[in-house]
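In what follows, a single structure is set out as structure tokens and then discussed.
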Amino acid sequence: MEECSASSSEQPQYYTPLPTKLEGQLTSPGVDAYVKQCAGPETPMCRICHDSGAQEELLSPCDCSGSLAPIHRSCLEHWLSASGTSFCELCHFQFTVQRKSRPLLEWLQNPGLRQEKRTLFGDMVCFLLITPLATISGWLCLRGAIDHLHFSSRLEAVGLIALTVALFTIYLFWTLVSLKYHCRLYSEWRRSNQRVVLLPRSHSEASTAPPSSQGSQRGKQPATDSVV
0 MEECSASSSE
10 QPQYYTPLPT
20 KLEGQLTSPG
30 VDAYVKQCAG
40 PETPMCRICH
50 DSGAQEELLS
60 PCDCSGSLAP
70 IHRSCLEHWL
80 SASGTSFCEL
90 CHFQFTVQRK
100 SRPLLEWLQN
110 PGLRQEKRTL
120 FGDMVCFLLI
130 TPLATISGWL
140 CLRGAIDHLH
150 FSSRLEAVGL
160 IALTVALFTI
170 YLFWTLVSLK
180 YHCRLYSEWR
190 RSNQRVVLLP
200 RSHSEASTAP
210 PSSQGSQRGK
220 QPATDSVV
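Residue numbers (numbering that gives the first Met the number 0): 0 to 227.
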């Protein structure tokens, strides 16, 4: 028995090492938690485009605080232009903005919807084609009426004059209706596509705001799920 126990104790013992992949799987949650604890605060980002201030400086133009405060100037100007407002929808701060109307040439290049583009292009082509045709036709009718008057053909002359008046009446009616329609479209496009320029916030506006109202507004901000 002693020999058997001695021989068994002298036999080498083998241990299976833990695979590296398994070790990584077991220790990864702990490492991730440690990295998260050691990580610094979150990088400020724009509340509209969710981008950092690497490409453009982040501003705090209103009374919002925390993660809702930083915003890009271009993002805010684009949002105010699209929404047609001039105040923050969270803290209701009134921005100082300057609205500039876009030029007519920009509307001619891009009038809006696809159907409006087709209508504008079609009316312009018709106007360029019908205008010289109507002018030439009216001149020929008047010339014929004058010739018939010289030959005492008053009935034919009256008919040609009536045809000329009807031709120009239809032409002017179509021109006025088309012009009124496109002027209305341009007016709506100009009103909804204004270029908004955000002016810097003056120190008097920041100092005149009461602290109590600012505190109550900031307390309501996290519950609001809006962009601006």
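Don't be surprised by glycine CBs; every beta carbon is placed ideally from N, CA and C.
Every value quoted in this text rests on a predicted model; they were computed, and no experiment measured them.
With distances taken between CA atoms, W138 lies nearest to L162 out of L107, H181, L162 and S177.
L89 carries a coil assignment under DSSP once its states are collapsed to helix, strand and coil. With a cutoff of 8 Å on beta-carbon distance, S82 and R194 are scored as not near each other. Considering only E56, G65, I70 and R113, the residue with the shortest C-alpha distance to C48 is I70. A straight line joining the alpha-carbon of R98 with that of C87 spans about 16 Å. Here DSSP, grouped into helix, strand and coil, assigns I47 to coil. Here R117 is exposed. Its C-beta has fewer than 16 other C-beta atoms within 10 Å. Membership of Q97 in the beta strand (DSSP E) is indicated by the continuous run V96 to K99. Less than 8 Å divides the Cβ of P43 from the Cβ of L57. For L198, no alpha helix (DSSP H) segment is defined, and its DSSP state is neither H nor E. If you check the CB distance, A156 and A144 come in under 8 Å. Closest in alpha carbon position to P60, among H91, R190, L184 and N109, is H91.
Taking all protein chains shown into account, D50 has fewer than 16 neighbouring C-beta atoms within 10 Å of its C-beta and is therefore exposed. Per DSSP, the beta bridge partners of L58 are I70.
Considering only A68, L103 and H181, the residue with the shortest C-alpha distance to N192 is L103.
Relative to L159, the option among Y170, L127 and S136 whose CA is nearest is S136. With contacts defined by Cβ atoms closer than 8 Å, R46 and L67 form a contacting pair.
Contact between V124 and V196 does not hold, since the beta-carbon distance rounds to 37 Å and is not under 8 Å.
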